[in-house]
Amino acid sequence: MQRSNIMLRPRIIPCLLVHDSGLVKTVNFKSPKYVGDPINAVKIFNEKEADELMVLDIDATSRGLEPNYALIKKLAAECRMPLCYGGGVTSVAQAVKIISLGVEKVSISSAAVENPNIVKDLAEAVGKQSVVVVLDVIKRKGLFSKGYELSTRNNTRTYKIDPISFAQKMVALGAGEIVINFVDNDGVMGGYDVEYSSTIKSQINVPVTFLGGAGNYEHLSALIDQCGIVGAAAGSLFVFKGKYRAVLISYPTPEQKDIICNNLKKNY
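In case it helps, our numbering puts the sequence shown at residues 2 to 269.
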């Protein structure tokens, strides 16, 4: 299925987490809560004309499992927007198979940190435009610690690696897009880390998407106002409603998206 790819303006991207083939949401990468069926969610986001969709299997890598090709095939067949899939991808053959099922972009996370050269191999096999590196970023812990570092495998391993330097390395190896996933903000809905996001955006010369923290449309607007043409990804914002977090899938209308991006022309 041919789907348009929107890259010349900010992209507002629902991020769906998959656990045991079900749609879930987490807080700080912990306690996955079942919120529905991922195929049904895709159908709703089709109707709402989402810019793009990101689906991440949070179990595959930590359990050493192959990507769920049966689910991927169903998602790709249903999805009418650009689709990025990640989870369990550790080889070129797996990525090629996922692309062959109709997915536009394949994301890797732990594999990129543990074996950076896989990014080069993937770019050669499927093209840079289809290779996305997701970096799980955490604030350094400790009284005298400042800055950020990387984590992998659902935040069970940490690396004293500067995220910006590593992102630049990923781009040099062939990554066509970088996703910065703020672990400390996951599911909290208190806003993006806008200041650090802006710093990252200014030093990366491929499309950058930020994930983790969005709790309302003002948070999306604040990120876009500060960073310009980026991807603003969110999970909880698009699946929960109200302080009791009732499950209700939503997405901004075209009019609301215009308001969210209102200051972009003024600032850029």
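The beta carbon of each residue, even a glycine, is placed where N, CA and C say it ideally should be.
Please read all numbers here as calculations on a predicted model, not as lab measurements.
Pick from the options that is closest to residue i, judged by C-alpha positions
{"i": "N186", "options": "I109, V195 and I179", "result": "V195"}
{"i": "A176", "options": "G88, L18, D163 and L123", "result": "L123"}
{"i": "V28", "options": "F183, S251 and I73", "result": "F183"}
{"i": "E178", "options": "V107, K31 and F30", "result": "V107"}
{"i": "V138", "options": "V90, S131, G213 and E150", "result": "E150"}
{"i": "V114", "options": "S146, T153 and Y197", "result": "T153"}
{"i": "V93", "options": "G128, G103 and R81", "result": "G128"}
{"i": "G42", "options": "I260, V97, L212 and Y252", "result": "Note that residue 42 is Ala in the sequence shown here, rather than Gly. When each option's Cα is compared against that of A42, the closest is Y252."}
{"i": "N1", "options": "G213, S222, G188 and V180", "result": "Residue 1 lies beyond the range of the chain shown here (2 to 269); nothing can be said about it."}
{"i": "Q204", "options": "C228, L212 and A223", "result": "C228"}
Simplified DSSP assignment, three categories, for residue i
{"i": "A234", "result": "strand"}
{"i": "N155", "result": "coil"}
{"i": "F30", "result": "coil"}
{"i": "S198", "result": "helix"}
{"i": "N6", "result": "Because the pLDDT of N6 is 46, which lies under 50, any placement of that residue in the model is unreliable, and the question is left without a value."}
{"i": "D259", "result": "helix"}
{"i": "N116", "result": "coil"}
{"i": "K140", "result": "strand"}
{"i": "V189", "result": "coil"}
{"i": "T210", "result": "strand"}
{"i": "S110", "result": "coil"}
{"i": "D58", "result": "strand"}
{"i": "K242", "result": "strand"}
CB-CB length for residue i against residue j, believed under 8 angstroms
{"i": "P83", "j": "E105", "result": "5 angstroms"}
{"i": "S63", "j": "N156", "result": "About 10 angstroms separates the two Cβ atoms, so there is no contact after all."}
Proximity of residue i and residue j at Cβ, strictly below 8 angstroms
{"i": "L24", "j": "D38", "result": "yes"}
{"i": "I14", "j": "E53", "result": "yes"}
{"i": "I230", "j": "I201", "result": "no"}
{"i": "I250", "j": "I59", "result": "no"}
{"i": "K31", "j": "L18", "result": "no"}
{"i": "E67", "j": "G103", "result": "no"}
{"i": "G214", "j": "Y245", "result": "no"}
Any non-hydrogen atom of the ligand NAD closer than 7 angstroms to residue i Cβ
{"i": "K161", "result": "In the structure on display, the ligand NAD does not appear, and there are no ligands present to speak of."}
Note to self: Quick check: the stretch 206 to 225 against the stretch 237 to 245, are at least 3 beta-carbon pairs closer than 8 angstroms?
What the structure shows: The stretch 206 to 225 and the stretch 237 to 245 touch, with three or more beta-carbon pairs separated by less than 8 angstroms.
Notebook entry, point to check: Taking contact to mean at least 3 C-beta pairs separated by less than 8 angstroms, is the stretch 70 to 83 in contact with the stretch 116 to 133?
Noted result: With a cut-off of 8 angstroms, the stretch 116 to 133 and the stretch 70 to 83 do not count as touching, because too few Cβ pairs lie within range.
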